[in-house]
Amino acid sequence: MEQAAVVTNDNNGGKALESAANARVLRIEPTRGWAALNLRDLWEYRDLFLILALRDVKLRYKQTALGVIWVVLQPLITALIFTVVFGNLANLPSDGMPYLLFSFAGMLPWNLFSQSLQRGGNSLVGSSALISKVYFPRMIIPMASTIAVLVDFAVALVVMAGLLVYYQVPIGWNLLLVPPLMIATVVAASGVSLWVSALSVQYRDFIYALPFLLQAWMYASPVAYSTSLIPERWRALYALNPLVGLIDGFRWSLLGHGSVAVSALALAFATSALLFVSGATFFRRMERSFADTI
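In our numbering, the protein residues as written are 218 to 511.
Below you can see the structure in the form of structure tokens.
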């Protein structure tokens with residue numbers, strides 16, 4: 218984009234405008250490389266970030282009869298179905314824990330990841346009116362949608378605490394691993410949602426493909442089954458899915474049973490960071506065309 222600053226001299230009634238060739242020209246171009254992330258913008262617009270996050274929380278349960286109870290029912294009912302189908306009928310191992318407790322502990326990080334991705338991935342298209350009228354860092358929209366899911370996670374974590382008390386599971390120091398695991402899950406979901414939301418502006422197919430992606434991703438993750446079922450020769454490849462290390466880490470930190478490979482956990486943290494950096498870089502490069510395309 219070019220802006221020309223034209224200098225005039227109005228002495229003795231004014232002279233003609235100087236030629237455009239002598240005018241000062243300011244050229245504005247998008248940044249490149251690591252500077253394209255420009256995450257400082259998110260901090261400068263932190264008030265808008267909080268407003269959008271609170272808006273998503275309020276709209277999620279507006280005009281619903283059960284309200285926040287849906288946060289409890291969704292993972293609990295899913296865990297009950299997994300218990301009947303995989304625990305009782307298929308008789309899959311649950312690392313020596315009651316299958317309901319085992320499956321609910323797996324649903325916690327999975328719901329945090331899937332809901333963050335689903336809401337963040339569709340956020341730009343749902344905010345088209347806002348994007349086309351005013352400037353602000355567009356990355357705020359999917360990031361705010363992702364962070365808003367933490368409220369649901371906190372409620373589900375309280376239910377998990379109740380199940381631990383009911384099944385008399387002792388609480389240990391391994392619970393200290395829950396916060397970093399939660400952060401890594403949010404980082405991974407944010408990275409993928411930045412990819413999906415940016416691509417959805419150009420191609421609406423990604424909005425329709427996202428539910429199928431999440432469904433396949435769930436069965437490719439140890440939500441309803443234990444990682445011990447995966448043959449040893451395939452586990453290195455299986456661990457490339459960041460949810461493998463994160464879900465196993467959650468189960469170990471909450472239940473104190475089972476095992477989590479340190480290499481799989483380290484790979485999960487590294488992959489989560491890679492997803493976020495790549496998603497943020499791609500998002501900022503596509504951002505310049507959002508207002509015209511959406």
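Using N, Cα and C, we set each Cβ at its ideal position, and we do this for glycine too.
Residue i burial status per 10 Å Cβ neighbour count (16 or more: buried)
{"i": "Leu-243", "result": "With a pLDDT of 49 at Leu-243, under the threshold of 50, the modelled position of this residue cannot be trusted; read the value that follows with caution. Leu-243 should be labelled exposed."}
{"i": "Phe-340", "result": "The sequence shown places Ser at residue 340, not Phe. So Ser-340 counts as buried."}
{"i": "Arg-421", "result": "exposed"}
{"i": "Tyr-316", "result": "buried"}
{"i": "Ala-270", "result": "buried"}
{"i": "Trp-327", "result": "buried"}
{"i": "Trp-412", "result": "buried"}
{"i": "Arg-505", "result": "exposed"}
{"i": "Gln-419", "result": "exposed"}
{"i": "Phe-580", "result": "Summary: the structure shown does not reach residue 580, with the chain confined to residues 218 through 511, and so no result is reported for it."}
{"i": "Gly-304", "result": "buried"}
{"i": "Leu-306", "result": "exposed"}
Minimum C-alpha distance to residue i - residue among the options
{"i": "Ser-480", "options": "Leu-471, Thr-498, Gly-496 and Ala-453", "result": "Ala-453"}
{"i": "Val-376", "options": "Leu-290, Ser-470 and Glu-449", "result": "Leu-290"}
{"i": "Ser-443", "options": "Met-314, Ile-388, Ala-490 and Val-409", "result": "Met-314"}
{"i": "Asn-458", "options": "Gly-473, Leu-472 and Ala-490", "result": "Ala-490"}
Short Cβ contact (9 Å threshold) for residue i with residue j
{"i": "Ile-364", "j": "Arg-355", "result": "no"}
{"i": "Leu-463", "j": "Ala-361", "result": "no"}
{"i": "Ser-470", "j": "Leu-374", "result": "no"}
{"i": "Ser-495", "j": "Ala-406", "result": "no"}
{"i": "Phe-319", "j": "Asp-312", "result": "yes"}
{"i": "Ile-358", "j": "Ser-414", "result": "yes"}
Per-residue DSSP class, three states only, for residue i
{"i": "Met-356", "result": "coil"}
{"i": "Asn-308", "result": "coil"}
{"i": "Lys-350", "result": "coil"}
{"i": "Gln-458", "result": "The residue asked about is misnamed: residue 458 is Asn in this sequence, not Gln. Coil, per DSSP."}
{"i": "Ser-333", "result": "helix"}
{"i": "Val-368", "result": "helix"}
{"i": "Tyr-384", "result": "coil"}
{"i": "Leu-277", "result": "Here residue 277 turns out to be Arg, not Leu, going by the sequence shown. Arg-277 falls in the helix class under three-state DSSP."}
{"i": "Arg-505", "result": "helix"}
{"i": "Gly-343", "result": "helix"}
{"i": "Ile-245", "result": "Interpretation of Ile-245 is limited by its pLDDT of 43, a score under 50 that renders its predicted location unreliable; the figure taken from the coordinates is listed afterwards. Ile-245 falls in the coil class under three-state DSSP."}
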